[in-house]
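Shown next, in structure tokens, is the structure this report addresses.
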Amino acid sequence: MDENRKLYEIALLAKENAYAPYSGFKVGAAALTQDGIVYTGCNVENASYGATICAERTAIVKAVSEGKKNIVKMAIASDNMDPTYPCGICRQVISEFMPEGEIIVANGKNISIYKVSELMPYAFKLDK
Ligand code: THU
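Following the numbering used here, the numbering of the sequence shown begins with 63 at its first residue and continues without gaps.
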């Protein structure tokens, strides 16, 4: 199995931990760091809906909080047959920590790979 497929399979497993009683939409993410560590994430919802965190940001926050800021790839999985693409807020966070990275999604059996810069052109940057 190739690396991208493997990362997607890990995202599928991470989805099983999703806490999504409000939307019923479970998402899993798997972020690969430059030194080969995989951090997983799932969406964690809240009765106060705005407190929900997406799977992608869960994975990124886990990596960064463990001192791993160089993420090279992230796979995203849900129960949908169509690919699940990161939401707008996640695209901004993804751009912060993996601007040169790749996003892996799947449509049934077929994997698609996108550059982060393709999914989030002109990401906001704080130029002070
Ligand atoms: N969700 C994610 O986890 N990632 C995305 O990229 C899109 C949306 C979650 C948030 C919420 O728990 C549920 O999916 C429905 O929006």
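Glycine is no exception: its CB is placed at the ideal position from the N, C-alpha and C atoms.
Item to check | Selected residue, minimal CA-CA separation from I115, among Y70, G150, E162 | outcome: G150
Checklist entry - Beta carbon of A117: closer than 7 angstroms to some heavy atom of the ligand THU? => result yes
Item to check | Limits of the alpha helix (DSSP H) - the one that G103 falls within | outcome: Counting along the chain, G103 falls outside any alpha helix (DSSP H), though it belongs to the beta strand (DSSP E) covering 100 to 104.
Item to check | Integer Cβ distance of G90 from A117, believed to fall under 8 angstroms | outcome: That belief holds up - the Cβ atoms of G90 and A117 are roughly 6 angstroms apart, short of 8 angstroms.
Item to check | For A113 and E107, the rounded distance between their alpha carbons | outcome: 7 angstroms
Checklist entry - Can you find a heavy atom of the ligand THU that lies under 7 angstroms from the Cβ of A113? => result no
Checklist entry - What are the boundary residues of the alpha helix (DSSP H) that E162 is part of? => result From DSSP, E162 is part of no alpha helix (DSSP H); its letter is neither H nor E.
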